[in-house]
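Trainee: Below you'll find the structure I mean.
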Amino acid sequence: SSIVRRCCLLVAAALLIKSSSAAVNGNLRRSKIFPVSSSNYQSAAEKSSSTTTTGRHVKVGEMTQTQQSSRPKTNDTTTILQKENDDDFDDDRMKSNDDDDGNQEKQERFDATSSIAIDTTSVTTAQNSLLLKHGSKNEIEKTLSSFSTRYYIYDDPDILQSDVVEKMEWHNRQVKPGNRLYSDAIAEIRILKALFNHTLRTLDPQQASFFVIPISIGANLVRDQPDSLKEPLNKLLASSLFRKTQGNQHILVSLTEDGFASSGTNALENFGMTRDIYCQLENVTVANEIDVYHIHDMFQKGLVRSSSHEIFRSSKPITNSGFSIGPISDPGVPYQEASWTKFQTSSNFLYFEVNKQDETKHPADTSNLRRAPLESYFERRLPPKTNLGFEHLEPVLSRTEVLLESKFCLVVRGKTHYTKTLIRAIRVGCLPVIVNDFLSEFAPMFKSSLNMSDFSIFINEEDFLQDDAKHLSALESISTETLQAKITALRYAQRVVLYDHPDSLFVPAFLYETTIAIEDARPELNSFRSATI
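As numbered in mature numbering (1 follows the signal peptide of the UniProt record, and there is no 0), residues -22 to -1, 1 to 511 make up the sequence shown, in order.
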């Protein structure tokens, strides 16, 4: 019997050990299948701000349920902020513990790029810049594609100035002069038309987060009539909407850089833009061709030393916030989608323009840059099948036809830090080769949505002058993989920059830049809470 009892005890012990082992293994398996609750998870962005905020991360265009429930149903503009979709994070969190260490860096990058994260309770410009810097093109494109922020456009006839706009458009059809002021004026009108026709526009200011001022500044400058801006501006300033918001969240398109910089205020007084009016517009966000705000900051910090940049020294912002949409004045060429097939089948390798009448004694004279490729063209020949733009040779094809048939387009700095050649290259799907050291600083294109280096090839100005043929010939050795990536980025840039693109992201990108500009200028707004009307 004792032997039987001992056998029973051994069997019981064995069963107990087996049961305990199974329980332990089961717990281990469950810990791999069901990781730490997502409520305890912190992304890299959240960790960096956990000491200062407990808010949730949201992205532009949506709204958290908490915000929706707490927001008044009337007398309040819609919020810009949008809740990040938790499902996007949950899929990546459901990983095996064995992979946690290896995936930590990847997961942190995912959290930083899955949206343009803006904290609803405390956000700094530095955090915004960091997240924007590391945000992938695909995620930013996704953000713009799902953008849902609404805007209102003033519809007072005296503000719209339909007669001024119609006369400008008639001139464009009949005369088509090519000076820059004229091109800027046409571009302003077309941008406003894109805003008028977009689905994000609302006719109810109560539903809007932004308010667009549809005054065609450039058309009035071309018209050149004294006090032509006085009546529309006075109507704007007297409106109840403008007075209640004090100009906050208002957007004005003015592509002429001097229009809202201190260097240009005296000139515009003849058009009715007095200093008193400027003061009342200080809270308006201005969309410009150049980044007046960043340029002024660079001069203040002593970061600009070249004499060629002195043209911008007096450019001091008049309003508190603004942004650059880049040199996108009317390109005057048809749209052609960027594609690898288009690149491969293009018959001309490199396109560039030389204008013999474009002489200047200005300190920013860059005729040496503009003429370097012309000399090399005759003396050493540039890459095969290179065609000059106009005025020096008589090409078999027209300038536009050659541009449409080109793989690369040379974009050389002109008298200032922008050139219309860039927007022409983008529009026809030709890879820009940029010889301009400060273009991305002085006149960036939608810098929160685009990285110009993604879709362009940059050549240092000094290197270009020393041996332009060498650097241009190097274009032939760029790898297929790099070229395909740049063409893909160029196709995305077309959607962002071109307001008449068939699948345009121009308006969402325009509103997105406005959001970032306002937050940078006024961080106390706590991620740009909409003002009460």
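Cβ coordinates follow ideal geometry from the N, Cα and C atoms, glycine included.
Measuring straight from C-alpha to C-alpha, what distance separates Tyr256 and Tyr477?
Mentor: Indexing the sequence shown from 1 puts residue 256 at position 278. Indexing the sequence shown from 1 puts residue 477 at position 499. Rounded to whole angstroms, Tyr256 to Tyr477 spans 28 angstroms at the Cα level.
Trainee: Can you check whether the CB of Tyr313 is closer than 7 angstroms to the CB of Arg405?
Mentor: Residue 405 sits at position 427 when you count from the first residue of the sequence shown. Residue 313 sits at position 335 when you count from the first residue of the sequence shown. In this structure, Tyr313 lies closer than 7 angstroms to Arg405 by Cβ.
Trainee: If the criterion is Cβ atoms closer than 7 angstroms, does the pair Phe386 and Val411 meet it?
Mentor: Taking the first residue of the sequence shown as position 1, residue 386 is located at position 408. Taking the first residue of the sequence shown as position 1, residue 411 is located at position 433. Going by C-beta atoms, Phe386 is nearer than 7 angstroms to Val411.
Trainee: Which residues does DSSP list as the beta-bridge partners of Arg179?
Mentor: Mapped onto the sequence shown, residue 179 falls at position 201. Tyr129.
Trainee: Tell me Val228's beta-bridge partners as DSSP assigns them.
Mentor: As a first step, residue 228 is located in the sequence shown; it is residue number 250 there, counting from the start. The sequence shown places His at residue 228, not Val. According to DSSP, His228 bridges with Phe189.
Trainee: Quick one: using the 10 Å Cβ neighbour count with 16 as the cut-off for buried, is Pro204 buried or exposed?
Mentor: Here residue 204 corresponds to residue number 226 of the sequence shown, with the count starting at 1. Pro204 should be labelled exposed.
Trainee: Taking Cβ positions, are Phe174 and Gln227 nearer each other than 7 angstroms?
Mentor: As a first step, residue 174 must be located in the sequence shown, where it is residue number 196. As a first step, residue 227 must be located in the sequence shown, where it is residue number 249. No, they are not a contact pair.
Trainee: By the 10 Å Cβ neighbour count, where 16 or more other Cβ atoms means buried, how is Thr492 classified, buried or exposed?
Mentor: Working through the sequence shown from its first residue, we reach residue 492 at position 514. Label assigned to Thr492: buried.
Trainee: How about Leu489 and Thr252: do their beta carbons lie closer than 7 angstroms?
Mentor: Translated into the one-based positions of the sequence shown, residue 489 becomes position 511. Translated into the one-based positions of the sequence shown, residue 252 becomes position 274. Contact flag unset, no.
Trainee: Please report the straight-line C-alpha distance between Thr399 and Ser418, rounded to a whole angstrom.
Mentor: Counting from one through the sequence shown, the residue named residue 399 turns up at place 421. Counting from one through the sequence shown, the residue named residue 418 turns up at place 440. Their Cα atoms are separated by approximately 15 angstroms.
Trainee: Tell me the DSSP secondary structure of Ser451 in three-state form.
Mentor: Taking the first residue of the sequence shown as position 1, residue 451 is located at position 473. Looking at Ser451 - three-state DSSP - the assignment turns out to be helix.
Trainee: Using the beta-carbon count (16 or more within 10 Å), is Val36 buried or exposed?
Mentor: Walking along the sequence shown from the start, residue 36 turns up at place 58. Its pLDDT being 27, under 50, Val36 is placed unreliably by the model, and the measurement read from it follows with that caveat. The residue is buried, with at least 16 neighbouring Cβ atoms inside 10 Å.
Trainee: Given this structure, state the Cα-to-Cα distance separating Val390 from Ile273, to the nearest angstrom.
Mentor: The residue given as residue 390 occupies position 412 in the sequence shown. The residue given as residue 273 occupies position 295 in the sequence shown. Whole-angstrom Cα-Cα distance: 20 angstroms.
Trainee: Are the beta-carbon atoms of Ser302 and Asn266 separated by less than 7 angstroms?
Mentor: Translated into positions along the sequence shown, residue 302 becomes position 324. Translated into positions along the sequence shown, residue 266 becomes position 288. Cβ atoms of Ser302 and Asn266: closer than 7 angstroms.
Trainee: Decide if the region 466 to 477 is in contact with the region 441 to 453; the criterion is three or more beta carbon pairs, one per stretch, under 8 angstroms apart.
Mentor: Touching, no.
Trainee: Relative to the alpha-carbon of Thr323, which residue among Gln139, Glu209 and Glu383 has its alpha-carbon at the smallest distance?
Mentor: Along the sequence shown, read from residue 1 onward, the residue named residue 323 stands at position 345. Comparing Cα positions, the closest option is Glu383.
Trainee: Would Ala495 pass as a contact of Ser299 if the rule is Cβ separation under 7 angstroms?
Mentor: What you label residue 495 is simply residue 517 of the sequence shown in a count that begins at 1. What you label residue 299 is simply residue 321 of the sequence shown in a count that begins at 1. Cβ distance < 7 angstroms, so Ala495 and Ser299 count as in contact.
Trainee: So for Gly310, helix, strand or coil by DSSP?
Mentor: For the purposes of this step, residue 310 is taken as the residue at position 332 of the sequence shown. Gly310: coil per DSSP, three-state reduction.
Trainee: So what does DSSP say about Leu483, is it helix, strand or coil?
Mentor: Within the sequence shown, numbered from 1, the residue matching residue 483 stands at position 505. Residue state, collapsed to three classes: coil.
Trainee: Could you tell me which of Val142, Arg158 and Leu122 sits nearest to Leu178, measuring between CA atoms?
Mentor: Position 200 of the sequence shown, counted from the start, is the residue given in the question as residue 178. Ranking the options by Cα distance to Leu178, first place goes to Leu122.
Trainee: From Gln224, Asp275 and Leu233, pick the residue whose C-alpha is nearest to that of Leu259; which is it?
Mentor: Within the sequence shown, the letter at position 281 stands for residue 259. When each option's Cα is compared against that of Leu259, the closest is Gln224.
Trainee: For Leu409, write down the residues that DSSP places opposite it in a beta bridge.
Mentor: Along the sequence shown, one-based indexing puts residue 409 at 431. Paired residue(s): Phe386.
Trainee: Give me the Cβ distance between Phe321 and Leu461, rounded to the nearest whole Å; I'm assuming they're in contact under 8 angstroms.
Mentor: Counting from 1 along the sequence shown, the entry for residue 321 is found at position 343. Counting from 1 along the sequence shown, the entry for residue 461 is found at position 483. The pair is a contact, with the Cβ atoms about 7 angstroms apart (cut-off 8 angstroms).
Trainee: Quick check: the region 132 to 139 against the region 198 to 217, are at least 3 beta-carbon pairs closer than 8 angstroms?
Mentor: They touch, by the three-pair rule.
Trainee: Taking residue 520 as the reference, which of Ile195, Asp269, Ile164 and Arg500 has the closest Cα?
Mentor: Nothing in the structure corresponds to residue 520, since the chain is present only between -22 and 511.
Trainee: Using DSSP with H/G/I as helix, E/B as strand and the rest coil, what is Val262?
Mentor: Numbered from 1 along the sequence shown, position 284 holds the residue referred to as residue 262. Looking at Val262 - three-state DSSP - the assignment turns out to be coil, as it is neither helix nor strand.
Trainee: Along the alpha helix (DSSP H) that carries Ser418, what are the first and last residues, could you check?
Mentor: In the sequence shown, residue 418 corresponds to position 440, counting from 1. Taken as a continuous stretch (DSSP letters only), the alpha helix (DSSP H) holding Ser418 covers Leu417 to Phe420.
Trainee: Specify, as a first and last residue, the run of the alpha helix (DSSP H) that Gly196 falls within.
Mentor: Counted from its first residue, the sequence shown places residue 196 at position 218. Gly196 -> alpha helix (DSSP H) spans Ile195 to Arg201.
Trainee: Count the other CB atoms, across all protein chains shown, that sit within 10 Å of the CB of Asp446; report buried if there are 16 or more and exposed otherwise.
Mentor: The residue you call residue 446 lines up with position 468 of the sequence shown. Buried, by the Cβ-count rule.
Trainee: Look at the Cβ atom of Phe125, then the Cβ atom of Asn198, and state whether they are nearer than 7 angstroms.
Mentor: On the sequence shown, position 147 is the one that residue 125 refers to. On the sequence shown, position 220 is the one that residue 198 refers to. No. Outside cutoff.
Trainee: Between the beta-carbon of Val143 and the beta-carbon of Ser194, is there less than 7 angstroms?
Mentor: Position 165 of the sequence shown holds residue 143. Position 216 of the sequence shown holds residue 194. Yes, these two residues count as a Cβ contact at 7 angstroms.
Trainee: Which residue marks the beginning of the alpha helix (DSSP H) containing Ser218, and which one marks its end?
Mentor: Residue numbering aside, residue 218 sits at position 240 when the sequence shown is read from its first letter. It spans Ser218 to Thr223 - the alpha helix (DSSP H) in which Ser218 sits, taken as one unbroken run.
Trainee: May I ask you to list the residues that DSSP assigns as paired with Phe301?
Mentor: For the purposes of this step, residue 301 is identified with residue 323 of the sequence shown, where counting begins at 1. DSSP output for Phe301 lists Ala265 as bridge partner(s).
Trainee: With a threshold of 8 angstroms on Cβ separation, who are the neighbours of Ala172 within its own chain once the five nearest residues in sequence on each side are excluded?
Mentor: Here the question's residue 172 lines up with position 194 in the sequence shown. Once the five neighbours on either side are set aside, the close Cβ partners of Ala172 are Tyr477, Asp478, Ser482, Phe484 and Val485.
Trainee: Can you name, in chain order, every residue of its own chain whose Cβ lies under 7 angstroms from the Cβ of residue 512, other than the five neighbours on each side?
Mentor: Residue 512 is absent from the structure shown; the chain starts at -22 and stops at 511.
Trainee: Rounded C-beta distance between Leu214 and Pro183? I'm assuming under 8 angstroms.
Mentor: Taking the first residue of the sequence shown as position 1, residue 214 is located at position 236. Taking the first residue of the sequence shown as position 1, residue 183 is located at position 205. With 8 angstroms as the limit, Leu214 and Pro183 do not qualify as a contact, their Cβ atoms being about 13 angstroms apart.
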